[in-house]
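Here is the structure we will look at, set down as structure tokens.
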Amino acid sequence: MENQDNRGMKNRCRRTIKSNAIMNMKMRAKCLVTAAFVLAQAASGSQTVESAPQKQRPNFLMVMADDLDTHELSCYGGKNLMTPNIDRLASEGMLFTHMFSPEAMCVPTRTAIYTGLHPMRSGVVRNQMRTKASVKSVVHHLKELGYRVGIAGKVHVVPQAVYPFEYVEGFPKGSGRDPTLEIYDVKGIREFMTRDSKQPFCLFVCSCLPHAAWVVGDASKFDADKLILQKHWIDTPKIREEFKHYLAEVAALDQQTGDVLKVLEESQLAEKTLTMFSGEQGSSFPGAKWSVYNAGIRSGFIVRLPGKIQQGVRTDAIAMYEDLLPTLIEMAGGTVADKNLDGKSFLGVLSGERKTHRDYAFGMLQMIPDGKPYSSRSIVNHQYKLVLNLTPDNEYTSPVVGPNGGLWRTWLAASKNAPDDRRKLDRIVHAPPVQMFDLQKDPWELENIADRPEVQSARQEVEHRLREWMKQQEDQGAALEDLSKEEMYKIWPGMRTKDEQRAAGLRK
20 MENQDNRGMK NRCRRTIKSN AIMNMKMRAK CLVTAAFVLA QAASGSQTVE SAPQKQRPNF
80 LMVMADDLDT HELSCYGGKN LMTPNIDRLA SEGMLFTHMF SPEAMCVPTR TAIYTGLHPM
140 RSGVVRNQMR TKASVKSVVH HLKELGYRVG IAGKVHVVPQ AVYPFEYVEG FPKGSGRDPT
200 LEIYDVKGIR EFMTRDSKQP FCLFVCSCLP HAAWVVGDAS KFDADKLILQ KHWIDTPKIR
260 EEFKHYLAEV AALDQQTGDV LKVLEESQLA EKTLTMFSGE QGSSFPGAKW SVYNAGIRSG
320 FIVRLPGKIQ QGVRTDAIAM YEDLLPTLIE MAGGTVADKN LDGKSFLGVL SGERKTHRDY
380 AFGMLQMIPD GKPYSSRSIV NHQYKLVLNL TPDNEYTSPV VGPNGGLWRT WLAASKNAPD
440 DRRKLDRIVH APPVQMFDLQ KDPWELENIA DRPEVQSARQ EVEHRLREWM KQQEDQGAAL
500 EDLSKEEMYK IWPGMRTKDE QRAAGLRK
């Protein structure tokens, strides 16, 4: 027989069930969503900045530069100009000193950010390539979690089926060479951010600054003779003049960033938004973009989330742009384990629970179609950078290095009777099969120590790690540059037209 306590409990359960049957449907749905979110977090073993109901998930906003030399931002120690808006974001959040792009070119960098995949797996192993059709991007992953996902400004990744962003008007879509690129407005950005207060958003605002050629901003504010040049450059009047115009665009980029942040704050969304700033990859001065040197692949990256990320923090945790998407997925309440991504979430770094993230960052370089066949791979930690130049018999060329580079010609002339300057050029154009740099003593990577006896143990370790990574990625190395003209035309249909036009011009 049932005792009295059991009968009482059954009666209370019947009353509860009856009450639940008439519960407001919206409230029941809210409870189910919250429970699913908490269970998903527990099942995945993931950590979030704050375990919270789904309605409290943050918005995501990233302002992305185009070919930004991080060294010139004042919050990164730059001395040539002040960047107050970017600096303020850094003072209110976390600044990464060791964020790396997998390849110092626009399309591979952006592909890594949007897909969480290394270049070999996304298919974008060089500039101007299409992502594999089977790949899912941030748009798919965050839409599945209930986000609106938009992009303003430069897109530069294809096909649209992989990147079905909602396009937000207001920012220029192109890169460089046109002073009208200075014209922009934030109306579309404001509308996108404030359209639906109940649905979280993810928005990438992609500036075209400071991509060459540098025609935006006021270069007259800079005195060429007083500029502090980078140590891997050769000091000529030409670079000082070009550097003025580059810095003018960095200043204009800072203003754009401030205008976007102002919209966020005026819309009262700053407290609810993970706000990010990305430098993309390095500038198109020689030895940066189109290289595996840190001036090319190391990127500025700043993150702010009031109340969740400590203010004014600098982290030297090593991360790669492939790690961004899994971080966003995890913050949005999703699970990463089943996504088959190369990146891994650095949420523990943002929350302050972890000081480190990766042991190494990896880089690659494939120069076709931006130069002649040339292939390199790199690995970097806090002390050492090792580079494997897989086509050492080939002379390196790029859009700015070689006979078509006006600045480069002035460097060649200046280096004829200057052995130190000549070594700076040969480091780029005639690199040996292996280069190794002690970054703590030589941050500009000017002195190759690969053959020194005292570093052979460290060299073997990092070279082994790099070759293992290549094997894991099924990276064919130099063979990726072994393309016939017809194969290149299949990848870049526009190249055939350009070659035909060039040939026709020569016949005239």
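Under our numbering, think of the first position of the sequence shown as 20, with each following residue one higher. Ideal Cβ positions, reconstructed from N, Cα and C, are used throughout, including at glycine.
- Going by DSSP, S476 is part of no beta strand (DSSP E) but of the alpha helix (DSSP H) stretching over Q475 to Q491.
- In the DSSP annotation of this structure, E506 is not part of any beta strand (DSSP E); the continuous alpha helix (DSSP H) holding it starts and ends at K504 to I510.
- Per DSSP, the unbroken alpha helix (DSSP H) holding E260 starts and ends at P256 to E285.
- Three or more beta-carbon pairs drawn from the segment 224-235 and the segment 183-196 are found closer than 8 Å, and the two stretches are therefore classed as touching.
- Taking the C-beta atoms as reference points, Q454 is found nearer than 7 Å to N467.
- Inside the segment 315-351, DSSP marks whole alpha helix (DSSP H) runs of 4 or more residues at positions 343-350, from first to last along the chain.
- Between D86 and S417, the C-beta spacing is not below 7 Å.
- The segment 368-379 makes no contact with the segment 450-465, as fewer than three CB pairs between them are under 8 Å.
- Looking only at D412, I258 and L114, the smallest Cα-Cα distance to V332 is reached by L114.
- Ranked by Cα distance from D389, the options Y415, L161 and F365 are led by Y415.
- Leaving aside the five residues that flank D361 on each side, the residues in its chain whose CB is nearer than 7 Å to its CB run, in chain order, G135, L136, H137, R140 and E341.
- Measuring C-alpha to C-alpha distances from K240 to each of L266, A232, D215 and G315 identifies L266 as the nearest.
- Taking a 10 Å sphere around the C-beta of H376, we find 16 or more other C-beta atoms and assign the residue as buried.
- With fewer than 16 other Cβ atoms from the protein chains shown falling within 10 Å of its own Cβ, R214 counts as exposed.
- Residue pairing by DSSP leaves N436 without any beta bridge partner.
- Looking at the DSSP output, W309 sits in a beta bridge with A307.
- Counting along the chain, the unbroken alpha helix (DSSP H) around H159 starts and ends at V157 to K162.
- From the listed residues S93, A131, S434 and L248, the smallest Cα separation to R149 is found for A131.
- Burial of N99 is indicated by the presence of at least 16 other C-beta atoms within 10 angstroms of its C-beta.
- Counting only unbroken stretches of 4 or more residues, the alpha helix (DSSP H) elements lying wholly within the segment 191-266 are 206-213, in sequence order.
- By the Cβ criterion, the segment 166-178 is in contact with the segment 202-214, since at least three pairs of Cβ atoms, one from each stretch, lie closer than 8 Å.
- Taking C-beta atoms as the reference points, Y186 and S156 fail to come closer than 7 Å.
- A check of alpha carbon separations from K443 across D457, K250, Q520 and Y403 identifies K250 as the nearest.
- Excluding its 5 nearest sequence neighbours in each direction, V177 has C-beta neighbours in its own chain below 8 Å: R149 and T150, listed in chain order.
- Residue pairing by DSSP places Y415 in no beta bridge whatsoever.
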